[in-house]
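2 protein chains.
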Amino acid sequence: MDTEQLSKLIDRYLEASFTVNRRLSALTRDLLPDELTLDQSFALRYLRENGCTTSSELAEVFCVGKSSITAIVTRLSDKKLIERVPDEKDRRVTYLKATSEGERLTRQFDSRLEELLCQYLSHFTDDEAFGFIELYERLAAALVQARERSESEEG
Amino acid sequence: MDTEQLSKLIDRYLEASFTVNRRLSALTRDLLPDELTLDQSFALRYLRENGCTTSSELAEVFCVGKSSITAIVTRLSDKKLIERVPDEKDRRVTYLKATSEGERLTRQFDSRLEELLCQYLSHFTDDEAFGFIELYERLAAALVQARERSESEEG
DNA sequence: TCGAATAGTTTCACTATTGAACTATATAGC
DNA sequence: GCTATATAGTTCAATAGTGAAACTATTCGA
Chain A
57 MDTEQLSKLI DRYLEASFTV NRRLSALTRD LLPDELTLDQ SFALRYLREN
107 GCTTSSELAE VFCVGKSSIT AIVTRLSDKK LIERVPDEKD RRVTYLKATS
157 EGERLTRQFD SRLEELLCQY LSHFTDDEAF GFIELYERLA AALVQARERS
207 ESEEG
Chain B
57 MDTEQLSKLI DRYLEASFTV NRRLSALTRD LLPDELTLDQ SFALRYLREN
107 GCTTSSELAE VFCVGKSSIT AIVTRLSDKK LIERVPDEKD RRVTYLKATS
157 EGERLTRQFD SRLEELLCQY LSHFTDDEAF GFIELYERLA AALVQARERS
207 ESEEG
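First to last, the protein sequences are chains A and B.
Heads up, the first sequence is in this note's numbering, so the first residue is 57 and it goes up one at a time.
Heads up, the second sequence is in this note's numbering, so the first residue is 57 and it goes up one at a time.
Have a look at this one:
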């Protein structure tokens with residue numbers, strides 16, 4: 057691919073991803089339970105899917121500083137949607153765990169979200185959908201790898 | 057596609073898009089000129105690409121309220137990166153326009169961004185990249201249409 | 001054992017966001 | 001023309017998320 061084509065492709069990507077992100081966030085926010093913000097729902101879903109997790113891990117996954125996570129976790133904890141569980145051995149670390157109410161809320165939200173996304177899936181054939189998601193996952197993997205590489209260089 | 061498959065596909069999409077968005081935003085923020093935030097750079101790019109634009113239009117495109125746009129525009133204006141140009145005929149509307157400095161900054165940023173994204177593009181064949189972007193654009197278009205449809209129902 | 005690393009919190013300043021109240025202007029119906 | 005109403009944009013107060021720096025508590029390593 058020549059530079060010209062490359063540049064156009066990237067422009068198209070930036071445009072499309074901006075549109076998709078903004079519109080989908082807006083639609084998604086409408087489905088959110090009153091108790092949750094979008095970021096809080098992401099945190100809660102991550103805890104639900106990944107079991108015991110620390111603030112540091114969340115910070116890595118969310119690509120933000122630990123103080124951001126403290127803020128989010130404190131709000132969720134105030135609302136009794138997650139618990140802080142201290143590690144027995146290493147008393148510096150505290151694990152985070154969704155409460156049953158927290159879990160209930162994310163499952164409710166997820167099912168609404170699934171319903172929403174199904175509508176848009178209908179614009180694509182099965183092959184298109186699977187092809188798309190495969191490439192998207194490869195992009196995600198490449199981005200995760202890049203991070204790991206740059207960390208091992210530092211360390 | 058049966059419900060089970062559908063549900064898994066959507067989970068995979070949510071996971072991949074979360075990862076891509078978070079990681080790419082983080083990498084992108086590192087490339088940002090000191091004068092700009094990410095959202096400000098998006099606004100400025102939109103103005104650069106779309107010529108004279110109003111706050112209302114920006115609010116639509118960004119899927120936020122007009123008061124958010126006022127805030128962003130005021131900050132950009134304080135930094136002399138955009139100008140407010142009053143409409144001669146309808147004195148309620150003011151057009152927004154990137155200053156030459158504003159334009160310079162976004163172009164600089166865009167070229168850094170292009171460099172970054174090129175690295176990740178190398179993980180894909182040309183056909184894969186074009187196929188991906190085509191589907192992504194169709195998704196974006198579907199989301200825009202959905203909005204327009206729901207607006208015409210209201211109006 | 002002492003100094004360095006690590007986990008997490010606090011605080012501060014800032015950006016983005018919403019929603020409601022508000023100003024100013026334009027427009028449509030009578 | 002006059003008056004309702006709609007529209008464009010701003011202001012204000014409240015809230016969430018964020019980074020950076022300072023801080024506490026704990027663990028680890030030389």
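For every residue, glycine included, the Cβ atom is placed at its ideal position computed from N, Cα and C.
Just so we're clear, the structure is a prediction, and the values are computed from it rather than from any experiment.
Taking 8 Å as the cut-off, decide whether the C-beta atoms of residue i and residue j are in contact.
i	j	result
B/His179	A/Ala198	yes
A/Leu172	B/Phe188	no
A/Ile66	B/Glu139	no
B/Ser133	B/Lys122	no
B/Leu62	A/Leu177	yes
B/Arg79	A/Val120	no
A/Met57	B/Asp183	no
If I measure Cβ to Cβ from residue i and keep anything under 7 Å in the same chain, skipping five residues before and after, which residues do I get?
i	result
B/Glu204	none
A/Ile128	Asp95, Gln96 and Ala99
A/Lys64	none
A/Arg147	none
For residue i, collect the residues of the same chain with a Cβ closer than 8 Å to its Cβ; drop the 5 residues on either side in sequence, then sort them by chain order.
i	result
A/Glu157	Lys136 and Leu137
B/Asp143	Val149, Thr150 and Tyr151
A/Ala185	Leu177
B/Lys145	none
A/Val141	Cys108, Thr150, Tyr151, Leu152 and Lys153
Shortest alpha-carbon distance to residue i belongs to which of the options?
i	options	result
B/Ala115	B/Asp95, B/Asp134 and B/Ala82	B/Asp95
A/Ser206	B/Glu60, B/Lys64, B/Leu83 and B/Thr59	B/Leu83
B/Phe202	A/Phe186, A/Gln175 and A/Ala202	It should be pointed out that residue 202 of chain B corresponds to Ala in this sequence rather than to Phe. Out of A/Phe186, A/Gln175 and A/Ala202, A/Gln175 has the C-alpha closest to the C-alpha of B/Ala202.
B/Arg44	B/Thr126, B/Arg85, B/Tyr102 and B/Ile125	Any property of residue 44 of chain B remains undetermined from this structure, which presents chain B solely from 57 to 211.
A/Thr93	A/Val141, A/Ala185, A/Arg147 and A/Arg131	A/Arg131
A/Asp166	A/Arg101, A/Lys145, A/Phe118 and A/Lys64	A/Arg101
A/Val117	B/Val141, B/Lys145 and B/Ser81	B/Ser81
For residue i, which residues from the same chain have a beta carbon less than 6 Å from its beta carbon, with the 5 sequence-adjacent residues on both sides left out?
i	result
B/Arg104	Ala154, Glu159 and Thr162
A/Ile125	Ser111, Leu114 and Ala115
B/Glu60	none
B/Arg68	none
Within the chosen definition, does the stretch 145 to 158 of chain B reach the stretch 107 to 117 of chain B through at least 3 CB pairs nearer than 8 Å? yes
Short-range partners of chain B found in the stretch 124 to 149 of chain A, where Cβ spacing is below 8 Å: none
Given 8 Å as the limit, is there contact between the stretch 89 to 97 of chain B and the stretch 160 to 175 of chain B, that is, 3 or more CB pairs closer than that? yes
With three or more C-beta pairs closer than 8 Å as the rule, is the stretch 66 to 85 of chain B touching the stretch 190 to 197 of chain A? yes
For the stretch 74 to 88 of chain B, which residues have a CB atom closer than 8 Å to at least one CB atom of chain A, in sequence order? Phe74, Thr75, Val76, Asn77, Arg78, Arg79, Leu80, Ser81, Ala82 and Leu83
If contact means a Cβ-Cβ distance below 8 Å, which residues of the stretch 180 to 198 of chain A contact chain B? Phe180, Asp182, Glu184, Ala185, Phe186, Gly187, Phe188, Ile189, Leu191, Tyr192, Glu193, Arg194, Leu195, Ala196 and Ala198
Name, going along the chain, the residues of the stretch 94 to 119 of chain A whose beta-carbon falls closer than 7 Å to a beta-carbon of chain B. Phe98, Phe118 and Cys119
Contacting positions in the stretch 150 to 162 of chain B - beta carbon closer than 9 Å to chain A: none
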